[in-house]
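**Student:** In order, the protein sequence lines correspond to chains R and Y.
The first sequence runs contiguously to residue 255 in my numbering.
The second sequence runs contiguously to residue 255 in my numbering.
All C-beta atoms in this analysis are idealised placements derived from N, C-alpha and C, irrespective of residue type, glycine included.
On a predicted model such as this, the values are computed, not experimentally measured, just so you know.
There are 2 protein chains.
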Amino acid sequence: MKFAVYLPPQALEGARCPVLYWLSGLTCTEQNFITKAGAQRLAALHGLIVVAPDTSPRGEGVADDPGYDLGQGAGFYLDATAAPWKEHFQMQSYVSRELPDLIETSFTASSARAISGHSMGGHGALITAFRNPGRYKSVSAFSPIVAPTQVPWGQKAFEAYLGADRDSWKQWDAVALIASAREQLPLLVDQGADDQFLTQHLRPELLESAAQEVGYPITMRMHSGYDHSYYFIASFLEDHFAHHAKALRAA
Amino acid sequence: MKFAVYLPPQALEGARCPVLYWLSGLTCTEQNFITKAGAQRLAALHGLIVVAPDTSPRGEGVADDPGYDLGQGAGFYLDATAAPWKEHFQMQSYVSRELPDLIETSFTASSARAISGHSMGGHGALITAFRNPGRYKSVSAFSPIVAPTQVPWGQKAFEAYLGADRDSWKQWDAVALIASAREQLPLLVDQGADDQFLTQHLRPELLESAAQEVGYPITMRMHSGYDHSYYFIASFLEDHFAHHAKALRAA
Chain R
5 MKFAVYLPPQ
15 ALEGARCPVL
25 YWLSGLTCTE
35 QNFITKAGAQ
45 RLAALHGLIV
55 VAPDTSPRGE
65 GVADDPGYDL
75 GQGAGFYLDA
85 TAAPWKEHFQ
95 MQSYVSRELP
105 DLIETSFTAS
115 SARAISGHSM
125 GGHGALITAF
135 RNPGRYKSVS
145 AFSPIVAPTQ
155 VPWGQKAFEA
165 YLGADRDSWK
175 QWDAVALIAS
185 AREQLPLLVD
195 QGADDQFLTQ
205 HLRPELLESA
215 AQEVGYPITM
225 RMHSGYDHSY
235 YFIASFLEDH
245 FAHHAKALRA
255 A
Chain Y
5 MKFAVYLPPQ
15 ALEGARCPVL
25 YWLSGLTCTE
35 QNFITKAGAQ
45 RLAALHGLIV
55 VAPDTSPRGE
65 GVADDPGYDL
75 GQGAGFYLDA
85 TAAPWKEHFQ
95 MQSYVSRELP
105 DLIETSFTAS
115 SARAISGHSM
125 GGHGALITAF
135 RNPGRYKSVS
145 AFSPIVAPTQ
155 VPWGQKAFEA
165 YLGADRDSWK
175 QWDAVALIAS
185 AREQLPLLVD
195 QGADDQFLTQ
205 HLRPELLESA
215 AQEVGYPITM
225 RMHSGYDHSY
235 YFIASFLEDH
245 FAHHAKALRA
255 A
């Protein structure tokens, strides 16, 4: 597994720094975020380590699918239970346990963690935060898939990775998980109003209403004129770093 | 010809804004700078329009070469005089006249212009500023090829584009041009000390000494630990925008 790490000057000087995990979207690798988002300036400003994993296992012997939205590049940050995926596609264990363990023993990283992501990675950030109480100080997402059990991208992936039993899907669905969340984290969601995937695959209103129903505080912002691209992320990433830095500093 | 344009909010509100032209390096298109540099935030901050042209003519019927450093993607911002290049490779006329004319009639752009670039595009920015007195308010470069007549990248390209008469090459060489510059512009050059092309192709010390010889003020900064990549550009672009904004505002 390849992953990208940015160490701020504070970490290079030996300080134990909090870590922001960034989960990318469909078709991405560990490169997209570090190349396009302008995150390094913000990470240096706030003294955060940034870790950006790949979006799936890859390579020879790893199952794949010709579609861009299944298999390599499309791991959906869950632990697959159905063949042929279950052998390698254990992304939830990887991003929530294996990778943090590696980061916290290999770099001057503290155990204060925050998590964010885009699209499929926004879904990944939300479910990882909701499924792992006590592990993260804050969560945010750009243009997340919030209800994979209810939208085509999620249904295709979950059917493949988890099999036909739809009850088992709910433990990987942010809208389902927020209803029984055992802790309340600072939660920020940004969405472009001109995002081509908004009404079919993303449907952020489902997360907003599920959060309101259980009294989970959520800041959900719609931005007219913005689409699904990294230009949108770069435009508002400053706010996400401030959101996470505040929670991580208080930790 | 494709080119990228960023219009800051001030331009969208109808104000005539100054324009910063960015010339990219070998193998680049109009996409690299707008994707990787984080320029939009700075352009919005300073109220500058940013224009990033492609690095050569392209397409069917346009001459090319299998090398990455000649032909399409490697126009060197000069007007070619040798066949087969002279038919389409008129990049200097394009970036210094045709493109600004188009920008200034198509957008709410003022005629206050600045120019910058990276590597081959740093060469392009320098020669374009030095060759066109009165046309630009300021110039800067990251990791520029400063003396193409003296280094392998430049010699290969100039032999092809301009023919064997080396005297004719000098009008496209920043170190030669600065010696007879008819105006002094604010000039900032940033160079990574760990740039793999530093000693063979870039040789910034040649520009520094040529500038000192004629009393042309130059700010030349060497940065240890930085290479030839867009991460280097993103790290110091803020200073270049401030450099140009100051000159353009005074205009």
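Could you tell me which of R:Tyr-10, R:Phe-240 and R:Gly-158 sits nearest to Leu-82 (chain R), measuring between CA atoms?
**Tutor:** With distances taken between Cα atoms, Leu-82 (chain R) lies closest to R:Gly-158.
**Student:** Give, in chain order, every residue of the stretch 36-53 of chain Y whose Cβ lies closer than 8 Å to some Cβ of chain R.
**Tutor:** Residues Thr-39, Lys-40, Gly-42, Gln-44 and Arg-45.
**Student:** Closer than 7 Å by C-beta to Glu-242 (chain R): which residues in its own chain qualify, once you throw out the five before and the five after it? Chain order, please.
**Tutor:** Correct list, in chain order: Leu-46.
**Student:** Kindly say whether Ala-249 (chain R), judged by its beta-carbon, lies nearer than 8 Å to any beta-carbon of chain Y.
**Tutor:** Ala-249 (chain R) does not count as touching chain Y.
**Student:** For Trp-26 (chain Y), report the span of its alpha helix (DSSP H) as first-last.
**Tutor:** Premise fails: Trp-26 (chain Y) lies in the beta strand (DSSP E), 21-27, not in any alpha helix (DSSP H).
**Student:** Counting only the same chain and skipping the five closest in sequence on each side, list residues whose C-beta sits under 7 Å from that of His-247 (chain R).
**Tutor:** Within the same chain, His-247 (chain R) has close Cβ partners Ser-142, Ser-144, Pro-190 and Leu-192.
**Student:** Tell me, please, whether the stretch 164-174 of chain R touches the stretch 192-202 of chain R by the rule of three or more beta-carbon pairs shorter than 8 Å.
**Tutor:** With a cut-off of 8 Å, the stretch 192-202 of chain R and the stretch 164-174 of chain R do not count as touching, because too few Cβ pairs lie within range.
**Student:** Expressed to the nearest angstrom, what Euclidean distance is found between the alpha-carbon atoms of Met-124 (chain Y) and Phe-245 (chain R)?
**Tutor:** Looking at the two C-alpha atoms, the distance is approximately 35 Å.
**Student:** Measure from the C-beta of Ala-2 (chain R) to each C-beta in chain Y and report whether the shortest distance is under 8 Å.
**Tutor:** Missing from the structure shown is residue 2 (chain R); chain R here goes from 5 to 255 and no further.
**Student:** Please confirm whether Val-55 (chain Y) and Tyr-98 (chain Y) have their CB atoms less than 8 Å apart.
**Tutor:** Cβ distance not < 8 Å, so Val-55 (chain Y) and Tyr-98 (chain Y) don't count as in contact.
**Student:** Would you grab the beta carbon distance between Val-179 (chain R) and Leu-206 (chain R) for me? Rounded to a whole angstrom, and I think it's under 8 Å.
**Tutor:** That pair is no contact at about 12 Å.
**Student:** Taking 8 Å as the cut-off, does the stretch 35-43 of chain Y touch the stretch 88-95 of chain Y (at least 3 CB pairs, one atom from each stretch)?
**Tutor:** No, they do not touch.
**Student:** For a test of the three-state rule: what should DSSP assign to Met-124 (chain R), helix, strand or coil?
**Tutor:** Correct three-state label for Met-124 (chain R): helix.
**Student:** Measure the Cβ-Cβ separation of Leu-130 (chain Y) and Val-155 (chain Y) and say whether it is below 8 Å.
**Tutor:** In this structure, Val-155 (chain Y) does not lie closer than 8 Å to Leu-130 (chain Y) by Cβ.
**Student:** Would you report the Cα separation of Gln-35 (chain Y) and Ala-8 (chain Y), rounded to the nearest angstrom?
**Tutor:** Looking at the two C-alpha atoms, the distance is approximately 7 Å.
**Student:** What residue does the alpha helix (DSSP H) around Leu-218 (chain R) start on, and which one ends it?
**Tutor:** It is worth fixing the name first, because residue 218 (chain R) is Val in this sequence and not Leu. 208-218 is the extent of the alpha helix (DSSP H) around Val-218 (chain R).
**Student:** Could you check whether Asp-199 (chain R) and Ser-147 (chain R) sit closer than 8 Å to each other, using their CB atoms as the reference points?
**Tutor:** For Ser-147 (chain R) and Asp-199 (chain R), yes; Cβs fall inside 8 Å.
**Student:** Under the three-state reduction of DSSP, which class applies to Met-226 (chain Y): helix, strand or coil?
**Tutor:** The answer is strand: DSSP assigns Met-226 (chain Y) an E or B state.
**Student:** Just curious, the beta strand (DSSP E) that Val-179 (chain R) is in, first and last residue?
**Tutor:** Val-179 (chain R) -> not in any beta strand (DSSP E); alpha helix (DSSP H) instead, spanning 178-182.
**Student:** Could you tell me the boundaries of the alpha helix (DSSP H) in which Pro-104 (chain Y) lies?
**Tutor:** 103-110 is the span of the alpha helix (DSSP H), which, as asked, contains Pro-104 (chain Y).
**Student:** Using 10 angstroms around the beta-carbon of Ser-28 (chain R), count the other beta-carbons present and answer buried if the total reaches 16, otherwise exposed.
**Tutor:** Its Cβ being crowded by 16 or more others within 10 Å, Ser-28 (chain R) is buried.
**Student:** Comparing the CB of Ile-119 (chain Y) with every heavy atom of the ligand COA, is any distance shorter than 7 Å?
**Tutor:** The ligand COA is not among the ligands present in this structure, which contains no ligands whatsoever.
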